[in-house]
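Residue numbers (my numbering): 628 to 1011.
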């Protein structure tokens, strides 16, 4: 059993304090921070604390405050705004009610990761916005921003436009993670996402967070790449969606209603993909329509030479996972060029009841780097 924290501390030379993974820690004594004024790193992650003590402003030198995965912590004190030297504030998977306006005072903040509490019944919140736009506009040094929200939180839907306007003006931003309920909202980010070194976007109308049929390890693989894009419950394939796919290294297409194949997203838009996860796209009969590419794609008419490397489809793809596709019949239909899917290392096919052809001979000749094949609950497949 861990010993409780002393009521006060006297460590004037202490630079870093790590209290993470201490689930028996339920409170920090009110005067605990009075005599550790030089501390620069404070990690309270994976503890049972519910709040921060009033002595928090005594940590004038603090640069990094980590409060990750604290399930009982629901309200961030406005006093955090008094930590003038703070550069990193991480509340990943610690769901707070809202972000205090005082966070906008942290002009040195470079890293902000925040998660918001999901709506439960008729719960009332103190603020009408999870995060105020002026908070973002004041954080001119911000390079890494992650905002995780309940997809049905009306407060986010009402404020997302103005928040995105401020995000689009962030000159230092290099990493961005957001949920956008509508594809049109991507227009606000079109000037910045091509230059981001990392992004994670989820786009589409989600009625409620539900348990996904896709295994956690498959979603973890999708999130393991630098530029991740999830498009959920789509009815069409808007230009804004194609634009983000073009810069993505990992793409998750979930519950698309009308897409017949991945080719509809455009040849050039698929060239950077290294990981692709497809789930419950029940109109999809094949993943790639080779005939469509050979005849020319309407999105790629600028390419004069049909034999150019630009027309080698999925030339960077390493990982392909497919789940619960009711009408999928083949991976590739029609002609295939040399080099297409040639970097593929992993192929997983799960619960595809109409799938009958896994590899054509021409496709198999291209799969020179394939290391692992998983075939599960595909009853019509009798031979590879």
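Backbone N, C-alpha and C fix where the C-beta goes; we use that ideal spot for every residue, glycine too.
Please determine, among 703, 879, 849, 1003, the residue with the shortest C-alpha to C-alpha distance to residue 831.
In the chain shown, residue 831 corresponds to position 204, counting from 1. The shortest C-alpha separation from residue 831 is found at 879.
Would you mind reading off the limits of the alpha helix (DSSP H) that contains residue 790?
For the purposes of this step, residue 790 is taken as residue 163 along the chain shown, with counting starting at 1. Segment 781 to 795, the alpha helix (DSSP H) holding residue 790.
Is the distance from the Cβ of residue 854 to the Cβ of residue 826 below 8 Å?
Sequence index remark: in the chain shown, residue 854 carries index 227 (1-based). Sequence index remark: in the chain shown, residue 826 carries index 199 (1-based). The answer is yes: Cβ separation under 8 Å.
Using only the alpha-carbon positions, how far apart do residue 869 and residue 785 sit?
Residue 869 sits at position 242 when you count from the first residue of the chain shown. Residue 785 sits at position 158 when you count from the first residue of the chain shown. A direct Cα-Cα distance of roughly 25 Å separates residue 869 from residue 785.
Which class does residue 983 belong to by DSSP, given the choice of helix, strand or coil?
Residue numbering aside, residue 983 sits at position 356 when the chain shown is read from its first letter. Residue 983 sits in coil when the DSSP states are folded into three classes, being neither helix nor strand.
Are there any heavy atoms of the ligand SAH lying less than 7 Å away from the beta-carbon of residue 640, as far as the coordinates show?
Within the structure as shown, the ligand SAH is missing, as the structure has no ligands at all.
Own chain, CB closer than 8 Å to residue 707, minus 5 neighbours either side, in chain order:
Mapped onto the chain shown, residue 707 falls at position 80. Its chain contains 679, 683, 692, 713, 716, 727, 729, 730, 733 as the residues whose beta carbon lies nearer than 8 Å to that of residue 707, once the 5 sequence neighbours on both sides are disregarded; these appear in chain order.
Could you tell me the alpha carbon to alpha carbon distance between residue 917 and residue 710, rounded to whole angstroms?
As a working note, residue 917 is residue 290 in the chain shown. As a working note, residue 710 is residue 83 in the chain shown. Roughly 58 Å between the two C-alpha positions.
According to DSSP, is residue 634 helix, strand or coil?
Translated into the one-based positions of the chain shown, residue 634 becomes position 7. Per DSSP, reduced to three states, the secondary structure at residue 634 is coil, with no helix or strand assignment.
For residue 900, I'd like the list of residues in its chain whose CB is within less than 8 Å of its CB, leaving aside the five on either flank, ordered along the chain.
For this step, residue 900 is matched to residue 273 along the chain shown. Excluding residues within five positions, the ones whose Cβ falls inside 8 Å are 872, 875, 876, 877, 878, 941, 943, 944.
The alpha helix (DSSP H) that contains residue 871, what's its start and end?
Working through the chain shown from its first residue, we reach residue 871 at position 244. Where residue 871 is concerned, the enclosing alpha helix (DSSP H) stretches over 866 to 873.
Measuring CA to CA, which of 740, 963, 997 is closest to residue 915?
In the chain shown, the residue the question calls residue 915 occupies position 288. The shortest C-alpha separation from residue 915 is found at 963.
Cβ-based burial, residue 891 [other Cβ within 10 Å; buried from 16]
The residue given as residue 891 occupies position 264 in the chain shown. Buried, since its Cβ has 16 or more Cβ neighbours within 10 Å.
If we call anything under 8 Å between Cβ atoms a contact, is residue 745 one with residue 722?
As a working mapping, residue 745 is identified with position 118 in the chain shown. As a working mapping, residue 722 is identified with position 95 in the chain shown. Contact flag set, yes.
Counting only runs of 3+ residues fully inside the stretch 673 to 725, write out the beta strand (DSSP E) ranges in chain order.
Within the stretch 673 to 725, the complete beta strand (DSSP E) segments of 3 residues or longer fall at 691 to 693, 715 to 723, listed in chain order.
Determine the DSSP secondary structure at residue 839, reduced to helix, strand or coil.
For the purposes of this step, residue 839 is taken as the residue at position 212 of the chain shown. In the displayed model, residue 839 falls within coil according to three-state DSSP, outside both helix and strand.
Whole-Å CB distance - residue 661 paired with residue 685, under 8 Å assumed
Residue numbering aside, residue 661 sits at position 34 when the chain shown is read from its first letter. Residue numbering aside, residue 685 sits at position 58 when the chain shown is read from its first letter. The Cβ separation is near 5 Å, so the contact holds.
Whole angstroms is fine: what's the gap from residue 1022's alpha carbon to residue 668's?
No statement about residue 1022 is possible, as the shown extent of the chain runs from 628 to 1011 and does not include it.
Using three-state DSSP, classify residue 1010 as helix, strand or coil.
The residue you call residue 1010 lines up with position 383 of the chain shown. In this structure, residue 1010 counts as coil in the three-state DSSP scheme.
Rounded to the nearest angstrom, how far is the Cβ of residue 939 from that of residue 966, given a contact under 8 Å?
As a first step, residue 939 must be located in the chain shown, where it is residue number 312. As a first step, residue 966 must be located in the chain shown, where it is residue number 339. A Cβ-Cβ separation of about 4 Å places residue 939 in contact with residue 966 under the 8 Å criterion.
Per-residue DSSP class, three states only, for residue 853:
Here the question's residue 853 lines up with position 226 in the chain shown. Coil, per DSSP.
Return the first residue and the last residue of the alpha helix (DSSP H) that residue 990 is part of.
In the chain shown, counting from the first residue as 1, residue 990 sits at position 363. Element bounds for residue 990: 988 to 993.
Beta-carbon proximity list for residue 775, same chain, < 6 Å, skipping 5 on both sides:
Position 148 of the chain shown, counted from the first residue, corresponds to residue 775. Excluding the 5 residues flanking it on each side, residue 775 has same chain C-beta neighbours closer than 6 Å at 742, in chain order.
Contacts around residue 1005, its chain only, beta-carbon distance under 6 Å, and the 5 residues preceding and following it disregarded
Residue 1005 sits at position 378 when you count from the first residue of the chain shown. These residues qualify, in order along the chain: 976, 979, 982.
If we call anything under 8 Å between Cβ atoms a contact, is residue 1002 one with residue 1008?
Locating residue 1002 in the chain shown gives position 375, where the first residue counts as 1. Locating residue 1008 in the chain shown gives position 381, where the first residue counts as 1. Taking a C-beta distance under 8 Å as the contact criterion, residue 1002 and residue 1008 qualify as a contact pair.
So, helix, strand or coil for residue 862, using DSSP?
Along the chain shown, read from residue 1 onward, the residue named residue 862 stands at position 235. In the structure shown, the three-state DSSP call for residue 862 is coil.
Report buried or exposed for residue 844, applying the criterion of at least 16 other Cβ atoms within 10 angstroms of its Cβ.
For the purposes of this step, residue 844 is identified with residue 217 of the chain shown, where counting begins at 1. It is exposed - the Cβ of residue 844 has fewer than 16 other Cβ atoms within 10 Å.
Sequence-distant residues of its chain with Cβ nearer than 6 Å to residue 793 (five each side left out)
By 1-based counting over the chain shown, the position of residue 793 is 166. Counting only Cβ-Cβ distances below 6 Å, and skipping sequence neighbours, we find 760, 763, 764.
Which residue wins for smallest C-alpha separation from residue 849, given the options 881, 814, 635, 664?
Translated into the one-based positions of the chain shown, residue 849 becomes position 222. If we check each option's Cα against that of residue 849, 881 comes out closest.
According to DSSP, is residue 892 helix, strand or coil?
Working through the chain shown from its first residue, we reach residue 892 at position 265. Helix.
Using a 10 Å radius around the Cβ and a threshold of 16 neighbouring Cβ atoms, would you call residue 638 buried or exposed?
Within the chain shown, residue 638 is the residue found at index 11, counting from 1. The residue in question, residue 638, is exposed, as its Cβ has fewer than 16 Cβ neighbours within 10 Å.
Give the single residue among 988, 766, 650, 789 whose Cα lies nearest to the Cα of residue 757.
Along the chain shown, read from residue 1 onward, the residue named residue 757 stands at position 130. A check of alpha carbon separations from residue 757 across 988, 766, 650, 789 identifies 789 as the nearest.
Would you decide whether residue 862 is buried or exposed? Buried here means 16 or more other CB atoms lie within 10 Å of its CB.
For the purposes of this step, residue 862 is identified with residue 235 of the chain shown, where counting begins at 1. Around the CB of residue 862, fewer than 16 other CB atoms lie within 10 Å, so the residue is classed as exposed.
How should residue 687 be labelled, buried or exposed, when 16 other C-beta atoms within 10 angstroms of its C-beta is the threshold for buried?
Taking the first residue of the chain shown as position 1, residue 687 is located at position 60. Exposed, by the Cβ-count rule.
How big is the Cα-Cα spacing for residue 905 and residue 950?
Here residue 905 refers to the residue found at position 278 when the chain shown is read from its first residue. Here residue 950 refers to the residue found at position 323 when the chain shown is read from its first residue. Rounded to the nearest angstrom, the two C-alpha atoms are 6 Å apart.
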